[in-house]
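Numbering (UniProt numbering), first residue to last: 1 to 124.
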């Protein structure tokens, strides 16, 4: 498991890329590997309000169904509709074309660095 430096992470295995007041959100490669082949993704729509820590959608794989949690509070600016029609993108490129949401946030909560996330995953 190699968490890209420059990204922030949650203990629920989401990654966050911060640019100004916008956070691009996805699930980590660790989460994608644990899920197995992703076959369905449910995401909130543009304009929806998110509360950090709240369930905002789900990812279904051939093995299980996992909940998605909002890593930040704010407004959904965009969702990745490509992932809705091609959920396997979450497995093939979780940090690239497999991103899930772009969210405008007002405050960034405490998140994990790449090193802290790798340590967390190593303990699981």
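Just so you know, even glycine gets a beta-carbon here, dropped at the ideal spot from N, CA and C.
Length of the line joining the Cα atoms of residue i and residue j
i	j	result
residue 2	residue 69	21 Å
residue 107	residue 14	17 Å
residue 82	residue 26	13 Å
residue 67	residue 118	21 Å
residue 109	residue 87	28 Å
residue 39	residue 64	10 Å
residue 116	residue 71	16 Å
residue 92	residue 7	18 Å
residue 41	residue 47	18 Å
residue 114	residue 122	12 Å
Contact belief for residue i with residue j at Cβ below 8 Å, rounded distance in angstroms
i	j	result
residue 84	residue 102	Between residue 102 and residue 84 the Cβ distance is about 15 Å, and since that is not below 8 Å, they are no contact.
residue 90	residue 59	7 Å
residue 94	residue 45	Actually they are not in contact, since the Cβ atoms of residue 94 and residue 45 sit about 22 Å apart, beyond 8 Å.
residue 10	residue 112	7 Å
Pair within 9 Å by beta-carbon distance, residue i and residue j
i	j	result
residue 98	residue 80	yes
residue 96	residue 62	no
residue 24	residue 33	no
residue 43	residue 120	no
DSSP bridge partner residues for residue i (one or two, in chain order)
i	result
residue 27	14
residue 103	23, 76
residue 66	59
residue 42	58
residue 112	9
Close beta carbons around residue i, own chain, < 6 Å, minus the five adjacent residues each side
i	result
residue 104	21, 22, 74, 75, 77
residue 31	13
Beta-carbon contacts of residue i that lie in its chain and below 7 Å, excluding the five residues immediately before and after
i	result
residue 19	none
residue 49	75
residue 51	70, 73
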